[in-house]
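There are 2 protein chains.
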Amino acid sequence: MFKINENYLKLPGSYLFSTIAKKVNAYQAEHPDCKIIRLGIGDVTQPLAPAIITALHDAVEEMGDARTFHGYAPDLGYEFLRKAIAQNDYSDRGCDIQPDEIFVSDGAKCDSGNIQEIFSVDNKIAVCDPVYPVYVDTNVMAGRTGTYDPKTETWSDVIYMPCTAENGFAPQLPDETPDLIYLCFPNNPTGATITKAQLQEWVDYANRVGAVIIYDAAYEAYISEADVPHSIYECEGARTCAIELRSFSKNAGFTGVRLGFTVVPKDLKCGEVSLHSLWARRHGTKYNGAPYIVQKAGEAVYSAEGKEQLKKQVAYYMNNAKVIYHGLKDAGYTVSGGVNAPYIWLKTPDGMDSWAFFDFLLEKGNVVGTPGSGFGPSGEGYFRLTAFGSYENTVEAIERIKKL
Amino acid sequence: MFKINENYLKLPGSYLFSTIAKKVNAYQAEHPDCKIIRLGIGDVTQPLAPAIITALHDAVEEMGDARTFHGYAPDLGYEFLRKAIAQNDYSDRGCDIQPDEIFVSDGAKCDSGNIQEIFSVDNKIAVCDPVYPVYVDTNVMAGRTGTYDPKTETWSDVIYMPCTAENGFAPQLPDETPDLIYLCFPNNPTGATITKAQLQEWVDYANRVGAVIIYDAAYEAYISEADVPHSIYECEGARTCAIELRSFSKNAGFTGVRLGFTVVPKDLKCGEVSLHSLWARRHGTKYNGAPYIVQKAGEAVYSAEGKEQLKKQVAYYMNNAKVIYHGLKDAGYTVSGGVNAPYIWLKTPDGMDSWAFFDFLLEKGNVVGTPGSGFGPSGEGYFRLTAFGSYENTVEAIERIKKL
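These protein sequence lines map, in sequence, to chains F and B.
Residues in the first sequence are numbered from 1203 upward in steps of one, following our numbering.
Residues in the second sequence are numbered from 1203 upward in steps of one, following our numbering.
(1) Give the secondary structure of Asp-1351 (chain F) by DSSP, where H, G and I count as helix, E and B as strand, and everything else as coil.
(2) Rank B:Thr-1442, B:Thr-1487 and B:Pro-1493 by C-alpha distance to the C-alpha of Glu-1474 (chain B) and give the top, closest one.
(3) Name the residue from B:Glu-1427, B:Phe-1321 and B:Val-1570 whose alpha carbon lies nearest to the alpha carbon of Pro-1380 (chain B).
(4) Between Lys-1468 (chain B) and chain F, is the shortest Cβ-Cβ distance under 7 Å, so that the two count as touching?
(5) Please go through the region 1277-1337 of chain B and give each complete alpha helix (DSSP H) segment of 4 or more residues, from N-terminal end onward.
(6) Does DSSP classify Pro-1573 (chain B) as helix, strand or coil?
(7) Return the residue from the list B:Lys-1604, B:Leu-1548, B:Leu-1401 and B:Ser-1538 that minimises the CA-CA distance to Asn-1568 (chain B).
(8) Does Lys-1488 (chain F) pass the burial test, meaning 16 or more other C-beta atoms within 10 Å, or should it be called exposed?
(9) Measuring straight from C-alpha to C-alpha, what distance separates Gln-1374 (chain F) and Ala-1533 (chain F)?
(10) Assuming Pro-1391 (chain B) and Gly-1574 (chain B) make a contact with CB atoms under 8 Å, what is their CB distance in whole Å?
(11) At a cut of 8 Å, does the region 1264-1271 of chain F reach the region 1423-1433 of chain F through at least three beta carbon pairs?
(12) What residues match up with Tyr-1584 (chain F) in a beta bridge as DSSP calls it?
(13) Considering only residues of the same chain and omitting the five flanking positions on each side of Gly-1348 (chain B), which have a CB-CB separation below 7 Å?
(14) Sort out for me which residues DSSP pairs Phe-1463 (chain B) with in a bridge.
(15) Starting from the C-beta of Val-1411 (chain B), find all residues in its chain whose C-beta is less than 6 Å away, skip the five residues before and the five after it, and write them out in chain order.
(16) Do the CB positions of Ile-1600 (chain F) and Gly-1539 (chain F) come within less than 7 Å of each other?
(17) Relative to the C-alpha of Ile-1396 (chain B), which candidate in B:Ala-1413, B:Asp-1377, B:Phe-1371 and B:Tyr-1384 has its C-alpha closest?
(18) Taking Pro-1252 (chain B) as part of the alpha helix (DSSP H), name the residues at either end of that continuous run.
(19) Determine the burial state of Gln-1289 (chain F): buried for a count of at least 16 other Cβ atoms within 10 Å of its Cβ, exposed for fewer.
(20) Can you name the start and end residues of the beta strand (DSSP E) that Ile-1526 (chain F) belongs to?
(21) Kindly list the residues whose CB is nearer than 6 Å to the CB of Gly-1491 (chain F), restricted to its own chain and excluding five residues on each side of it in sequence; keep chain order.
(22) Could you confirm whether any beta carbon from chain B is found closer than 7 Å to the beta carbon of Pro-1352 (chain F)?
(23) My understanding is that Ala-1394 (chain F) touches Cys-1365 (chain F), with C-beta atoms under 8 Å, so please give their C-beta distance in whole angstroms.
(24) In chain B, which residues lie with their C-beta within 9 Å of the C-beta of Ala-1268 (chain F)?
(25) Beta-carbon separation of Val-1597 (chain F) and Pro-1493 (chain B) under 7 Å?
(26) Who pairs with Leu-1385 (chain F) in a beta bridge, going by DSSP?
(27) Does the Cβ of Met-1203 (chain B) have 16 or more other Cβ atoms within 10 Å, making it buried, or fewer, making it exposed?
(28) Can you pull the chain B residues whose beta carbon is under 8 Å from the beta carbon of Ala-1275 (chain F), in chain order?
(29) Below 8 Å on the Cβ atoms is my guess for Met-1343 (chain F) versus Glu-1319 (chain B); work out the distance and round it to an integer in Å.
(30) Using the beta-carbon of each residue, which ones in chain F are nearer than 8 Å to Pro-1208 (chain B)?
(31) So, is Lys-1311 (chain B) buried or exposed, given that buried needs 16 or more other C-beta atoms within 10 angstroms?
(32) Is the CB-CB distance between Ala-1499 (chain B) and Leu-1258 (chain B) below 7 Å?
(33) What number of angstroms, rounded off, separates the C-alpha of Cys-1297 (chain B) from the C-alpha of Gly-1439 (chain B)?
(34) I need the DSSP call for Ser-1592 (chain B), collapsed to helix, strand or coil.
(35) Am I right that Leu-1213 (chain B) and Asp-1351 (chain B) are in contact with their C-beta atoms under 8 Å? What's the rounded C-beta distance?
(36) For Leu-1382 (chain F) versus Val-1405 (chain F), is the C-beta spacing smaller than 7 Å?
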């Protein structure tokens, strides 16, 4: 008789954003006339930039002609895209990353979920708390996290690095030595960043203790301040200890287009074995590449026209972030984030817990946000709003919240 | 110090088709003037059908307008596509599969590699031999296959079901009871099929012993004979023992577009736990949906126009299959397949081993095929050619082979 992967049963509830979607849909069904404003899931609302639309149409035309048709993509992704990435995201920032160290994928969510596969089940992970739930959930599925304590909402074999107002939402080097360290900056959900000097400390630490940093830089396009690193490879020594995850979802509005990439430097090794070769094996065996038309769209992101248009798109969302940040501040909320990230992190009022505030906001203001506790125990008492709505909806949502 | 997943190191060599690509590229580099004809990897060559091109352009337009822009897709895929699948692939064939039992993905390769994750590492798998290498390779990565014997090229904990000329390339019920049974019909690589009565035996067997059948029906569009099932759900009882994998790669030429789906009936359970809920959890946590524009392209596959155009495309490839089949037969080869599948399976001449024949064909005929031994030990002494080339190249390749 077959058996299931019992680790799945240890996971409490469904995936955070699936739960929120279900709750919101149920509320909408009961109140069909309500105009609900969704600032919960980090999903973009602006249309794809004209340069990207043109690239997509052109690529579609190619697919309709036998002479320019494209079947299976190369294992690592098309070279035209990997070269554009290596040049723009790395070389231009002084980072030494080659095109063949870049693995094109259908998004950072998949990559951040799959990357743990190439590591031993015995490895111990450290995560910021709160954090994007995919890191922990996928390690639970792999059997790497021990047992769950529903009281503390923590896993016995996970090293939590609290990021709270007390430490400026920046993690401290952990007491216990981890094998894998998940870092995400600009941070989801808090919107916090760390300086290059702070990140260098992490790189030095990882090299010292023999840990791998999985660095999620999905939000780097939102960095507005100097001295905030866009890539971990800006730090010395990162090539021997860090994997970087990147997404086109937020900088180019590709949440429904699906494109991302993972960088695994060839210097990153466990003894004689390069992690690059392991990830290449996984990519070749379990994945079949992002669509040609999508990779062409990705290339357009790096065109002069594309860059110009996307700068405006990012500015549009960051203006929303300002509206939320200052609106909430005016209304008396304690807020952070929103300066180098499209997320605003607020303290729930009157000691309300995160889900209670979620219900309160949904029912009284018809505004959807994300409960901080969904990102980890230290997120309890906090709440995330995203700047990815339309300007009009963002203004209206803040007006509604102010009136509560 | 972090450790790697040692199971990866057990895998001999790289993924089969990556190895072939490297060999062919190296040969081409050394002989830049050679016109190499590739009938190796099962990659299509005909352009996307006009109905699909139109759907893609329309969807791209939608993505360029805020009012019709689409961000993250629903977890299971868009309902318009799941409904079209449920209707056309199942309901119209008398199979009871509901839209919410269908999980849209970016292809059957990913699904066939990922599906093992929801099962216990202790489960024992049974595979046809020869077979599409992803099934075994991904189970090796998960640590489910024991040790590798390089002499026999077999894994200690895998149940191999030889499919050779002696048994008409149809697997027999195994002596040892498996937990997971991978079946692929029409078969890759042999092109063989089994009748509905034969498949019913497998369904009855799986229900009797408590095994799950992972049924890969990626090639069902190529079935030309009656009494060959297009779906395992044509068999009674399949809802309690079978998961079905489907692809748009071969029936609609989506190898570079990336779309597929997995069916997990809600009746398929391990005790109280439905596999549907586990796969839903995996899908929600580790995946972010196929692109909206690609799902719209998938919908067009089921339009009246799309169906008509794709019928011709399949006929085009099946005409190639005939050219290969009869050409090789005329040349004195022992061949099978090619009637209900786009693959022709031939016995290598003069007792040559599969890789020797690969080199011979590449060097003497500049034709690329796939060595049978790459699909498993019983594939040794066999060779696969695909019908997915252009008609002109297919004819030329066969002429070249005839002259050898």
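All C-beta atoms in this analysis are idealised placements derived from N, C-alpha and C, irrespective of residue type, glycine included.
According to the data block:
(1) strand
(2) B:Thr-1442
(3) B:Phe-1321
(4) no
(5) 1281-1287 and 1310-1316
(6) strand
(7) B:Lys-1604
(8) buried
(9) 32 Å
(10) 7 Å
(11) no
(12) F:Lys-1549
(13) Trp-1357, Ser-1358 and Asp-1359
(14) B:Val-1306 and B:Arg-1448
(15) Thr-1379
(16) no
(17) B:Phe-1371
(18) 1252-1265
(19) exposed
(20) Note, Ile-1526 (chain F): premise wrong, no beta strand (DSSP E); alpha helix (DSSP H) at 1506-1532.
(21) Ala-1275
(22) no
(23) 7 Å
(24) Thr-1247, Gln-1248, Pro-1249 and Ser-1592
(25) no
(26) F:Tyr-1417
(27) exposed
(28) Gly-1458
(29) 7 Å
(30) In the sequence as displayed, the identity of residue 1208 (chain B) is Glu instead of Pro. Here the neighbours are Ser-1322.
(31) buried
(32) yes
(33) 11 Å
(34) coil
(35) Contact doesn't hold; Cβ gap of about 14 Å is too wide.
(36) no
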